[in-house]
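K.L.:
For the sequence shown, this note's numbering begins at 14 and goes up steadily by one. Ideal Cβ positions, reconstructed from N, Cα and C, are used throughout, including at glycine. Right, I'll just put the structure down here and ask away after.
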Amino acid sequence: MHGSHTSGSPYAPHTAEDRTAMLEAVDAETVEDLFDIPDDIRFDGQFDIDARTERETRRLVRSVLGRNDDRTELLGRGHYGYYIPSLVDHLADRSEFLTSYTQYQPEISQGFLQALFEYQSLLVELTGLEIANCSIYDAATALGEAATLADRVRDTTGHRVLVPELLREERKSTLANYVAGTDLAVEEYPVDDGNVDLAGLEETVDEEVVMIYAETPTVRGTIEERLGAIGDLAADADAFFVLGSDPIALSLLERPADVGADVVVGDASVLGLPTSYGMGLGLFATSEDYLRQVPGRLVGVSEDATDRRAFTLTLQTREQHIRRERATSNICTNQAWVALRTAIHAAVLGPSGMVELAKRAVTRAEDLAERVDDIVGVQAPVHDRRHFREFVARVDQPASAVADDLEQLGFAVHVVGNHEIQVCVTGVPDVQLDRFVAALEGVIR
């Protein structure tokens, strides 16, 4: 702290002379000159909001929210509205969890640290890999961290990162941001009928490839059938095989470790969070070989001075904790509270409950596709594959017109092509699926 500081915050200890010198260096007269704020949005000291009582405010909020359209969402594509047991809210909303900051002081954070350790253990069991961190922002940032990890640890001198051409745009964009400024180059490989075109991928792979990324289920809901072959291609090229998935899917599908995956990324908030339209929980699991290269934080278990079991943050490789040149990532925080909710939800379901949830994701999607396919003018599913949660249907009419008409009837679906819509069953009651089928049949006629 600056010894001559006399005013303002002690945590921003610049003297008047310091500020003057900095302003002169950037050719500005005042701090205000550093900000270009239009007059029409600049705060003038008055909010211009009428004072209201609590009762009046509640009435106003209810009135505003009441104007929202009531839609049954069959959207999916990374955002899934599973039913969240009330126990998740009751436990996660406890003040010691809800108001907790990063668990730097283990002596006062044992409960939260243990919950995060359980979350990591859940991912280790589902992926078959030895190490899982206690979360990253979302699936897109987890993918970016996997690419930079591959670049650090692979012996190959290559720079090519291969991703499927159907990769969601937000993940592709985030990955591009991560590799900007490095020698890595993101390239796409072809897909065939919704899944990896293995022959096309094999033609694309060479000694310059540092990472191959695949997903199961895919963005179009198909279950990838040849993960082992993809893993073999990556191993033969001495490239990282990174697999994208989620905890519910992994409770039923092949374990990533069994198909040669080096890293597993994805969104774990399919458990614990309702549909959040952007907010997520990035899972990241990998082999113990890369323990000291894992981004973010790891919670470990040890013993204290009295030989009692104790949980603590055992590895923190981000740059605010260690020397910048030794840091593996500049990712600044994690999603600890969301990870807590995921761990609670998983514990409530138990192993058999998670498997049952995953099986329903398969059977309900395929049952609905069969019913939709019976409608004249609709073919479903487009891909001759097994599906998980969602599927793509072809409609003879323009897809945008079909989606607009469905919206007027209270149903929201994705338009994914000129004549293709995507339908997701997650979180939609059976009675609403019946109504959707009737509505789609009426729209197509």
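Could you check how far apart the C-beta atoms of residue 177 and residue 202 are, in whole angstroms? I think they sit under 8 Å.
P.N.:
The pair is a contact, with the Cβ atoms about 6 Å apart (cut-off 8 Å).
K.L.:
Keeping to the same chain, check which residues put their C-beta closer than 6 Å to that of residue 135; ignore five residues upstream and five downstream.
P.N.:
359.
K.L.:
Going by beta-carbon coordinates alone, are residue 263 and residue 140 separated by less than 8 Å?
P.N.:
Yes, they are a contact pair.
K.L.:
Candidates 116, 243, 392 and 290: which alpha carbon is nearest residue 212's?
P.N.:
Measuring from the Cα of residue 212, the nearest candidate turns out to be 243.
K.L.:
Helix, strand or coil for residue 450? Go by DSSP, reduced to three states.
P.N.:
In the structure shown, residue 450 sits in a helix (DSSP, three-state: H, G or I).
K.L.:
Is it the case that the Cβ atoms of residue 445 and residue 85 are separated by a distance below 8 Å?
P.N.:
Yes.
K.L.:
Compute the distance between the beta-carbons of residue 166 and residue 198, then report whether it is under 8 Å.
P.N.:
No; because the gap between Cβ atoms is not below 8 Å, this pair is not in contact.
K.L.:
Write down every uninterrupted run of the alpha helix (DSSP H) in the segment 177–261 whose length is 4 residues or greater and which is fully enclosed by it, in chain order.
P.N.:
Counting whole runs of 4 or more residues, the segment 177–261 contains the alpha helix (DSSP H) stretches 182–192, 211–217 and 240–249.
K.L.:
Round the Cβ separation of residue 191 and residue 157 to the nearest angstrom and send it over; I've been treating them as touching at under 8 Å.
P.N.:
With 8 Å as the limit, residue 191 and residue 157 qualify as a contact, their Cβ atoms being about 3 Å apart.
K.L.:
Taking all protein chains shown into account, do 16 or more other C-beta atoms lie within 10 angstroms of the C-beta of residue 96, making it buried, or fewer, making it exposed?
P.N.:
Per the 10 Å Cβ criterion, exposed.
K.L.:
Residues in the same chain with beta-carbon distance under 7 Å from residue 412, minus the five sequence neighbours each way, listed in chain order, please.
P.N.:
If we look at residue 412 and ignore the five residues flanking it on each side, its Cβ neighbours are 428, 430, 431, 432, 433 and 434.
K.L.:
Helix or strand or just coil, what does DSSP make of residue 354?
P.N.:
DSSP places residue 354 in helix when its eight states are reduced to three.
K.L.:
Can you tell me whether residue 419 is helix, strand or coil according to DSSP?
P.N.:
Here residue 419 sits in helix by DSSP.
K.L.:
Measure how close the beta-carbons of residue 388 and residue 457 come, nearest whole angstrom, since I'm counting them as under 8 Å.
P.N.:
Confirmed, about 6 Å.
K.L.:
Enumerate in chain order the residues of its own chain whose CB-to-CB distance from residue 284 is below 6 Å, with the five nearest sequence positions on each side excluded.
P.N.:
These residues qualify, in order along the chain: 260, 355, 358 and 359.
K.L.:
With DSSP run on the structure shown, which of helix, strand or coil describes residue 27?
P.N.:
Here residue 27 sits in coil by DSSP.
K.L.:
Just mark residue 39 as buried or exposed, buried being the case when its beta carbon has 16 or more other beta carbons within 10 Å.
P.N.:
When all chains shown are included, residue 39 counts as exposed.
K.L.:
Can you check whether the CB of residue 404 is closer than 8 Å to the CB of residue 236?
P.N.:
Not closer than 8 Å, so no.
K.L.:
In or out: residue 101 buried (at least 16 other Cβ within 10 Å) or exposed?
P.N.:
Buried, because 16 or more other Cβ atoms sit within 10 Å of the Cβ of residue 101.
K.L.:
Apart from the five residues on each side of it in sequence, which residues of its chain come closer than 6 Å, Cβ to Cβ, to residue 396?
P.N.:
Answer for residue 396: 206, 207 and 235, listed in chain order.
K.L.:
Return the bridge partner residues of residue 435 from the DSSP annotation.
P.N.:
Answer is 405 and 427.
K.L.:
Return helix, strand or coil for residue 315, following the three-state DSSP convention.
P.N.:
Strand.
K.L.:
Return the residue from the list 312, 378, 451 and 180 that minimises the CA-CA distance to residue 462.
P.N.:
In this structure the chain extends from 14 to 458, so residue 462 is not present and cannot be described.
K.L.:
So is residue 200 buried or exposed if we call it buried at 16+ other beta carbons inside 10 Å?
P.N.:
Answer is exposed; the Cβ neighbour count stays below 16.
K.L.:
Under a Cβ-count criterion, where at least 16 other Cβ atoms within 10 Å of its own Cβ denotes burial, should residue 132 be classed as buried or exposed?
P.N.:
Buried, since its Cβ has 16 or more Cβ neighbours within 10 Å.
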